[in-house]
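Q:
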Amino acid sequence: DAGITQSPRHKVTETGTPVTLRCHQTENHRYMYWYRQDPGHGLRLIHYSYGVKDTDKGEVSDGYSVSRSKTEDFLLTLESATSSQTSVYFCAISEGGTGVSYEQYFGPGTRLTVT
Amino acid sequence: AQKITQTQPGMFVQEKEAVTLDCTYDTSDQSYGLFWYKQPSSGEMIFLIYQGSYDEQNATEGRYSLNFQKARKSANLVISASQLGDSAMYFCAMRPPGSRLTFGEGTQLTVNP
Chain A
166 DAGITQSPRH
176 KVTETGTPVT
186 LRCHQTENHR
196 YMYWYRQDPG
206 HGLRLIHYSY
216 GVKDTDKGEV
226 SDGYSVSRSK
236 TEDFLLTLES
246 ATSSQTSVYF
256 CAISEGGTGV
266 SYEQYFGPGT
276 RLTVT
Chain B
192 AQKITQTQPG
202 MFVQEKEAVT
212 LDCTYDTSDQ
222 SYGLFWYKQP
232 SSGEMIFLIY
242 QGSYDEQNAT
252 EGRYSLNFQK
262 ARKSANLVIS
272 ASQLGDSAMY
282 FCAMRPPGSR
292 LTFGEGTQLT
302 VNP
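Chains as they are written, first to last, in the numbering used here: chain A, 166 to 280; chain B, 192 to 304.
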């Protein structure tokens, strides 16, 4: 199994509070991704990183920011959480990002509830 | 923009029988990769199988095979000899070059004893 951990695994927070989710990998993979999973939508990409301090937006990036100061860590921040951000968040890693054949390996997920 | 369609929200199969999960995709790219992932009730996403658009042979991984029909833009997952542990959500995904993975909405498979 790919060495990917996410913390916390579960979190309940109130509307308007900041929240940071952490993804940590031990595989030294260059690419890291944050997805959210909601019923009826599958997995949707929030942000991704293609190297230390190199990040870009995905399809549902509004309300989220990311940072990557080390190869192994990729942080997702909700600056001011809203109920629409209640979701399961997955981190993924990939050895390559632009080639079509690179599969992504996923972390265990974080279940976030915003009340 | 790429689009993945999984038309079967739910599927049922008897243990030891084969089952096909449908996936169609829409892209104008000639080169792309197709992936299937399994998500059991425990929630983790497990990579199952990969097919490249230029691969001449259908991909196989143990009991999983991918029925790739490029002209029809379909990439169906075939699970042979279903087991109770195959009960899970299955996601089809596609990646064109230089772009990100796009996922379908998934198919919930239930294997009955």
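Don't be surprised by glycine CBs; every beta carbon is placed ideally from N, CA and C.
Once you ignore the five residues that flank residue 261 of chain A on each side, which residues in its own chain have a CB closer than 8 Å to its CB?
A: Walking along the first sequence from the start, residue 261 of chain A turns up at place 96. Counting only residues of its own chain and dropping the five nearest sequence neighbours on each side, residue 261 of chain A has a CB closer than 8 Å to the CB of 195, 196, 267.
Q: Residue 193 of chain A lies in the beta strand (DSSP E); which residues open and close that run?
A: As a first step, residue 193 of chain A must be located in the first sequence, where it is residue number 28. Neither: residue 193 of chain A is in no beta strand (DSSP E) and is coded neither H nor E.
Q: Using beta carbons (cut-off 8 Å, strictly below), is residue 300 of chain B in contact with chain A?
A: As a first step, residue 300 of chain B is located in the second sequence; it is residue number 109 there, counting from the start. Closer than 8 Å: no.
Q: Buried or exposed for residue 229 of chain B, please, with buried defined as at least 16 other CB atoms from any protein chain shown within 10 angstroms of its CB.
A: Within the second sequence, numbered from 1, the residue matching residue 229 of chain B stands at position 38. Result: buried.
Q: Take residue 238 of chain B as the anchor and find which of A:269, A:187, A:273, A:179 has the nearest alpha-carbon.
A: Within the second sequence, numbered from 1, the residue matching residue 238 of chain B stands at position 47. Closest by alpha carbon: A:269.
Q: What does residue 236 of chain B reach in chain C if we use C-beta pairs closer than 7 Å?
A: The structure shown contains no chain C; the protein chains it does contain are A and B.
Q: What is the DSSP secondary structure of residue 242 of chain B, reduced to helix, strand or coil?
A: Translated into the one-based positions of the second sequence, residue 242 of chain B becomes position 51. Looking at residue 242 of chain B - three-state DSSP - the assignment turns out to be strand.
Q: So is residue 277 of chain A in contact with chain B if we call contact Cβ pairs under 8 Å?
A: Numbered from 1 along the first sequence, position 112 holds the residue referred to as residue 277 of chain A. Chain B, which has no Cβ nearer than 8 Å to the Cβ of residue 277 of chain A, makes this no.
Q: At 3 residues or longer, what runs of the beta strand (DSSP E) sit wholly inside the region 233–304 of chain B?
A: 237–243, 255–260, 265–270, 279–286, 298–303
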